[in-house]
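Visitor:
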């Protein structure tokens, strides 16, 4: 099987939704920047894989054609020799799915140079506030209409359940989440692309309003606008294009598990009682798949970029990446060993909490960061130890997941 | 329009029996593999099932155990702004092997593991209708049996 590698990556600044306006030009500028860095032109590409929801402002009909066909529009915009175009959807894990398709195309020999682009322009507040989103399978929209359950409502239930299962008061997990926000915001303060470039102290986080108890406002990521582009190539081509190719050791995609007990975003019910599997195995499974693909385990990872739509997600990702006792995760967090100088740096980029979530582009921001960190090009926010292998994870509604392992190849 | 003339309707049809003196959640059970779902579905969600016959409608137990809960602290935007904060949402484990989310009737004195019972009550009203939804109410004392 051919090896695949990331040869270049670029991201825009992450900004408040609507700034800049949602245009294909934003995507094109980031895509062309990634190509320019390794001397490629659109004519050199074999395929473009695009992912976007390009959320409109309260106008759901806009959701359909322009967003769904961003890949084709981009190819038309920057010029194309009739290259293969795919438009991919998987909620907040969309870009991880797009990346995995690109990786598979190269590993199978079906393409040699593939551009992955992700773009979003996410409005403030909660997405599912449109009656017109309601569909007959009663997932998205209905729990909001009937129960008043927004995304953080689910996360709050997970956080409270974890504390309960560990025999701890809910204040305990609240404190962990405040520490996470403070530490990640220190990284975000150093990242020129981040939207929130300032430190949020534990005290500030705990004093911010409670949104969904136990989640306070500053424990929840905002939504943003942003674009990312990542170029993949087979390893032979990669070595010609750059002296620092980053090998794609694994790219796994996960979907909903029928026996997952943890209340799943946008659903009314999950499995309970005898039917229930291990909580959060839905998150763990793509990570295990990635370990299998790479022939690696948690012990081989030096750092990770995880999808932190809330501070609870960071806790859960550490639980699932490590596969160890939850107390170990808590110790890592309290000891601040997930900072840039720690044993296992998490979100040296600042994470979703510092960027805000440009939903369909988010995993490309993570890949960009791992690529940049592995090449030693992260400047002030460079991780302060030798790093060879990093993992990116993605999580989204409907039960959508991704896990990517990238490795230095020089 | 006077209060008496307003129609009393479920917020969404098909989630619970109505009208009824003893409303229950409407789910489905697969006659092949026994998997239970809520809301009811015409397709079994067990990937190991041979799907040879479609699920059948069943009424779910009206008592369960609180698996977890959230206290939501701010009002939602239109058109769902009738959910007035603060309100609590529970994930409730039912004997049929399901964890179902629903509004709880109160925001204080909640504990994971407590017994709760389903009831149908008013969610809100507009000029024409009174809208009902299902709630879970802590059973007296609320402690596990």
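Protein chains in written order, with the working numbering: chain A, 912 to 1321; chain B, 315 to 459. Even for Gly, the Cβ is constructed at its ideal location relative to N, Cα and C. Source: prediction; values computed, not measured.
Can the beta-carbon of residue 914 of chain A be found closer than 9 Å to that of residue 1146 of chain A?
Guide: Result yes, Cβ atoms of residue 914 of chain A and residue 1146 of chain A sit closer than 9 Å.
Visitor: Quick one: what does DSSP say residue 423 of chain B is sitting in, helix, strand or coil?
Guide: Here residue 423 of chain B sits in coil by DSSP.
Visitor: Taking the beta strand (DSSP E) that residue 1083 of chain A falls in, what are its first and last residues?
Guide: Looking at the DSSP string, residue 1083 of chain A is not in any beta strand (DSSP E); the run it does join, the alpha helix (DSSP H), is 1081-1099.
Visitor: With 16 as the cutoff for other CB atoms within 10 Å, does residue 992 of chain A come out buried or exposed?
Guide: By the 10 Å Cβ count, residue 992 of chain A comes out exposed.
Visitor: Quick check: the Cα distance between residue 398 of chain B and residue 391 of chain B, rounded to an integer number of angstroms?
Guide: Distance between the alpha carbons of residue 398 of chain B and residue 391 of chain B: 10 Å.
Visitor: Count the other CB atoms within 10 Å of the CB of residue 912 of chain A; is the residue buried (16 or more) or exposed (fewer)?
Guide: That one is exposed.
Visitor: One question on the structure: do residue 941 of chain A and residue 922 of chain A come within less than 9 Å of each other, judged by their Cβ atoms?
Guide: A contact, by the Cβ cut-off of 9 Å.
Visitor: Going by other Cβ atoms of all chains shown within 10 Å of its Cβ, with 16 needed for buried, is residue 336 of chain B buried or exposed?
Guide: By the 10 Å Cβ count, residue 336 of chain B comes out exposed.
Visitor: Helix, strand or coil for residue 447 of chain B, going by three-state DSSP, please let me know.
Guide: Three-state result, residue 447 of chain B: strand.
Visitor: Buried or exposed: residue 319 of chain B, going by 16 or more other Cβ atoms within 10 Å of its Cβ?
Guide: Burial call: exposed.
Visitor: For residue 1123 of chain A, is the classification buried or exposed, using 16 other Cβ atoms within 10 angstroms of its Cβ as the cut-off for buried?
Guide: The residue is buried, with at least 16 neighbouring Cβ atoms inside 10 Å.
Visitor: Which residues in the same chain as residue 1009 of chain A place their Cβ atom closer than 6 Å to its Cβ, once the five residues preceding and following it in sequence are excluded?
Guide: Closer than 6 Å at Cβ, skipping near neighbours: 960, 962, 999, 1027.
Visitor: Does residue 975 of chain A come out as helix, strand or coil in the three-state DSSP assignment?
Guide: Annotation note: pLDDT 49 at residue 975 of chain A (below 50); position unreliable, coordinate value reported separately. If DSSP states are grouped into helix, strand and coil, residue 975 of chain A belongs with coil.
Visitor: I'd like to know if residue 1123 of chain A contacts chain B, where contact means its C-beta is closer than 9 Å to some C-beta of that chain.
Guide: True, the Cβ-Cβ gap to chain B drops below 9 Å.
Visitor: Here's the rule: buried if 16 or more other CB atoms are within 10 angstroms of the residue's CB, otherwise exposed. What is residue 1213 of chain A?
Guide: Buried.
Visitor: Is it true that the region 441-454 of chain B meets the region 1085-1099 of chain A, where meeting means three or more beta-carbon pairs spaced less than 8 Å apart?
Guide: Cβ pair count under 8 Å is below three, so no.
Visitor: Please identify, using Cβ separations under 7 Å, the residues of the region 1157-1183 of chain A that lie next to chain B, in order along the chain.
Guide: Within the region 1157-1183 of chain A, the residues whose Cβ lies closer than 7 Å to some Cβ of chain B are 1169, 1172, 1174, 1179, 1180, 1181, 1182, 1183, listed in chain order.
Visitor: For chain B, find out if any of its Cβ atoms is closer than 9 Å to the Cβ of residue 1096 of chain A; answer yes or no.
Guide: Not closer than 9 Å to any Cβ of chain B, the Cβ of residue 1096 of chain A fails to qualify, so no.
Visitor: Under 9 Å between the Cβ atoms of residue 417 of chain B and residue 1059 of chain A?
Guide: Going by C-beta atoms, residue 417 of chain B is nearer than 9 Å to residue 1059 of chain A.
Visitor: So which residues of chain B does residue 1055 of chain A contact, with C-beta pairs closer than 9 Å?
Guide: By Cβ distance, chain B contributes 390, 394, 397.
Visitor: Taking the continuous alpha helix (DSSP H) assigned at residue 987 of chain A, which residues delimit it?
Guide: Note, residue 987 of chain A: alpha helix (DSSP H), 981-989.
Visitor: How about residue 459 of chain B: is its C-beta nearer than 9 Å to some C-beta of chain A?
Guide: Confidence at residue 459 of chain B is low in this model, with a pLDDT of 43, below 50, so its placement is unreliable and the value that follows should be read with caution. Chain A contact via Cβ: absent.
Visitor: My assumption, with CB atoms under 8 Å, is that residue 925 of chain A sits in contact with residue 1155 of chain A. Please give the rounded CB distance.
Guide: Not a contact, Cβ separation roughly 25 Å.
Visitor: Give a yes or no on contact between the region 1185-1193 of chain A and the region 1155-1175 of chain A, applying the rule of three or more CB pairs nearer than 8 Å.
Guide: Output reads yes: the region 1155-1175 of chain A touches the region 1185-1193 of chain A.
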